[in-house]
Ligand SMILES: Cc1ncc(COP(=O)(O)O)c(C=O)c1O
């Protein structure tokens, strides 16, 4: 039965994780995987999550199926959190949402919905984008193409090129995949003024926004991290939003996320929700409950919610603090451009302007583990190894 199969190559991130694990150097710095780490290098369970879990263990009465659209209280609370409970799309019932198996599941549900409604549309993604966007979307049967985004020389966003490219290459009805905040892998986000322009541009050109909001709360704060999403909804009548609780609630393995379609009418919202349910049914039947039940417990309880907000803030502050330290350490001859970019960028990731050979040299000669693309996860560093990290980067430039 399996004779025709051959091994698939290791995921490059997993391969680098293995190399790092095998390195006995006590001074190694692991900037590879996309998970938050505290100052001791651990990815711990949030206190708010632990407490919610204790309460939930006592309250939970059944393990029966949650249904194909998952926990709808979870969807409502998450949408209230991100858009604000008084947002017109919420009060007017113009959002169809389903709980998903993490942000990846949300992206897949969104892609499957688009395949059903706009089978000939192309999904445009930033250059570069999170590598898994491509299989998640193309395996649903949609075509993908790319628009210019990150400039590896200026280390900023090529916004004018992005708009010009989409304006000339994308056709009405095509989909534009956007990172709501904390762009993965570059950390380079659009400014408020650029989101303002982009939202109007998308509406005028009849392009459909699909926003991946996997890192909200971890950039510059909730208001800033959701600015772009809110601006796009203000201008575009229909928007898809994929959310994840993997990073901001540190619920990674609980696979907790949601897909939401902002629609023109409440009737259309109901249709999209039923579509999400039907799609989910044929892929995984229904999402797992535990993570979503914990988020409901946290967001629905003033004390737990405040505890989570504080923990989220401390993750965010730690990463901003590390960015400042690394930026200062790199602010020497030859490192000025990277120094400025690191400080300006958001979230866990930055993409350093390194060749594959330079990235390999960092691993083999300096025990600094990053991806071949130059992507680093700043949360993998700590205050005591930042000077060594900066020296190593400068040494390979
Ligand atoms: C940009 C982006 N979107 C979505 C996800 C999906 O996250 P998960 O499926 O773990 O919730 C990730 C995870 O790394 C990501 O980086």
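Residue numbers (our numbering): 121 to 517.
Heads up, the beta-carbon is just placed ideally off N, CA and C, and yes, glycines get one too.
{"Query": "Pairwise C-alpha distance: residue 410 and residue 475", "Result": "42 Å"}
{"Query": "Proximity winner among 479, 499, 275 and 258, relative to residue 517 (alpha-carbon distances)", "Result": "479"}
{"Query": "Check: residue 227 C-beta below 8 Å from any heavy atom of ligand 1", "Result": "yes"}
{"Query": "Buried versus exposed, by CB contacts within 10 Å (16 or more), residue 399", "Result": "buried"}
{"Query": "Limits of the beta strand (DSSP E) - the one that residue 263 falls within", "Result": "263-268"}
{"Query": "Proximity winner among 418, 416, 292 and 156, relative to residue 325 (alpha-carbon distances)", "Result": "292"}
{"Query": "Which residues DSSP lists as bridging residue 495, in chain order", "Result": "471"}
{"Query": "Closest by C-alpha distance to residue 370, when choosing among 160, 496 and 435", "Result": "435"}
{"Query": "Residues that residue 244 bridges to, as DSSP identifies them", "Result": "265 and 296"}
{"Query": "Residue burial classification, residue 422 (beta-carbon count within 10 angstroms, cutoff 16)", "Result": "exposed"}
{"Query": "Local Cβ density within 10 Å of residue 346, reported as buried at 16 or more and exposed below that", "Result": "buried"}
{"Query": "With 16 other Cβ atoms within 10 Å as the buried cut-off, status of residue 289", "Result": "exposed"}
{"Query": "Residue 246 Cβ short of 8 Å to ligand 1 heavy atom set", "Result": "no"}
{"Query": "Minimum length 3: unbroken beta strand (DSSP E) runs contained in the region 347-417", "Result": "359-364 and 376-382"}
{"Query": "The region 485-495 contacting the region 146-153, beta-carbon criterion three pairs below 8 Å", "Result": "yes"}
{"Query": "Minimum C-alpha distance to residue 433 - residue among 220, 341 and 121", "Result": "341"}
{"Query": "Between the CA atoms of residue 357 and residue 225 - distance to the nearest angstrom", "Result": "24 Å"}
{"Query": "For residue 465, the three-state DSSP class (helix, strand or coil)", "Result": "coil"}
{"Query": "Cβ-Cβ separation, residue 331 to residue 216 (assumed contact under 8 Å), whole Å", "Result": "Their Cβ separation, rounded to whole angstroms, is 15 Å, which puts residue 216 and residue 331 out of contact at 8 Å."}
{"Query": "The alpha helix (DSSP H) enclosing residue 513, as first and last residue numbers", "Result": "506-516"}
{"Query": "Whether residue 513 touches residue 482 by CB criterion (9 Å)", "Result": "yes"}
{"Query": "Counted within 10 angstroms of its Cβ, other Cβ atoms place residue 177 as buried (16 or more) or exposed", "Result": "exposed"}
{"Query": "Cα-Cα separation, residue 383 to residue 265", "Result": "25 Å"}
{"Query": "Separation of residue 123 from residue 428, as counted between CA atoms", "Result": "50 Å"}
{"Query": "Alpha helix (DSSP H) segment containing residue 136, residue limits", "Result": "132-142"}
{"Query": "Any non-hydrogen atom of ligand 1 closer than 8 Å to residue 471 Cβ", "Result": "no"}
{"Query": "Buried versus exposed call for residue 275 [16 or more other C-beta atoms within 10 Å across all chains shown]", "Result": "buried"}
{"Query": "Proximity to residue 272 [Cα-Cα], best of 204, 260, 447 and 248", "Result": "248"}
{"Query": "Pick from 139, 162, 377 and 174 that is closest to residue 424, judged by C-alpha positions", "Result": "174"}
{"Query": "Where residue 328 sits in the DSSP three-state scheme", "Result": "strand"}
{"Query": "Cα-Cα separation, residue 494 to residue 362", "Result": "26 Å"}
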